[in-house]
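Inspection log for the structure reproduced underneath, given as structure tokens.
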Amino acid sequence: MAIRTILHYPDPRLREPGRRVEKMTDELRSLVDDMAETMYAAPGVGLAATQIGEPWQVFVVDCAAEDEPSDLRVFVNPELLELDGKAPFEEGCLSFPGAREEVERAERVRVRAWDREGSVFELEADGLLAVAIQHEYDHLHGVLMIDHLGPLKKRLLHRKMVRRDVSATA
Ligand code: K2U
Ligand code: ZN
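This is the structure in structure tokens:
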């Protein structure tokens, strides 16, 4: 396993949609393991393959609280089958370090995906898990937290991230 570099906005690779996985291989299982290790090290409660420059339809989430056993969930080729309700949530994103923005998401989702072994499963989720699933699903389609903001907040966050990027490379 390895901790991978998380791409930061405005890296154009964050806009590259993930490719559908045709068959789970040892190489893809190793990618999943690297994603989980990278997520825990960040730390985060989710990570999409596109965030580490791997354009595959794969994300991981673990919404367990710090004092709970880990609850890692792997989603390969996820499909959102149902979205119900609407609620605002204060989101963060590992590709927007330090940013917190209110994003409106569905309160409940039903999702179908493959697990790490390639078996199909369906899951109904609410709360933080539902938000994380929607946030990561967005990443796999090149959609980022900034895209859900109004024009002023979008401009402010863009400038903050670009300035951060410039000072980091200076
Ligand atoms: O995809 C990512 O960048 C990791 C995200 C996942 C996530 C975002 C919003 C809501 C749930 C999960 C986060 O950085 S993980 C840390 C986090 C979690 C909840 C709220 C704020 C930050
Ligand atoms: Zn994110």
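FYI, in this note's numbering the residues of the sequence shown are 1021 to 1190. Don't be surprised by glycine CBs; every beta carbon is placed ideally from N, CA and C.
Query, Result
"Identified DSSP bridge partners for Leu1067", "Val1080"
"Check whether Glu1122 and Pro1108 have beta carbons under 7 Å apart", "yes"
"CA nearest to the CA of Gly1038, picked from Arg1175, Ser1187 and Phe1095", "Phe1095"
"For Leu1103, the three-state DSSP class (helix, strand or coil)", "strand"
"Residues near Val1182 by beta carbon distance below 8 Å, same chain, minus five either side", "Pro1030"
"Sequence-distant residues of the same chain with beta carbon closer than 7 Å to Asp1146, five excluded per side", "Glu1127 and Arg1128"
"Given Trp1134 as reference, the closest of Met1044, Glu1102, Leu1172 and Leu1149 once Cα atoms are compared", "Met1044"
"Entirely enclosed beta strand (DSSP E) segments - the stretch 1083 to 1142, minimum 3 residues", "1093 to 1104, 1107 to 1111, 1121 to 1125 and 1128 to 1134"
"Selected residue, minimal CA-CA separation from Gly1064, among Leu1148, Leu1169 and Gly1162", "Leu1148"
"Ser1115 Cβ short of 6 Å to the ligand ZN heavy atom set", "yes"
"Closer than 6 Å: Ala1152 CB and nearest the ligand GTP heavy atom", "Inclusion of the ligand GTP in the displayed structure is not the case, the ligand content consisting of the ligand K2U and the ligand ZN alone."
"Bridge-paired residues (DSSP) for Glu1047", "Note: Glu1047 sits in no beta bridge, so no partner."
"Own chain, CB closer than 7 Å to Glu1110, minus 5 neighbours either side, in chain order", "Arg1120 and Glu1122"
"Beta-carbon contacts of Arg1132 that lie in its chain and below 6 Å, excluding the five residues immediately before and after", "Glu1099, Leu1101 and Glu1142"
"Ala1056 and His1159 closer than 7 Å at C-beta", "no"
"7 Å Cβ cutoff met for Leu1027 and Gln1077", "no"
"Cutoff 7 Å; reference Asp1053; Cβ partners in own chain excluding five residues on either side", "Met1021"
"Start-to-end residues for the alpha helix (DSSP H) that takes in Tyr1157", "Gly1147 to Leu1160"
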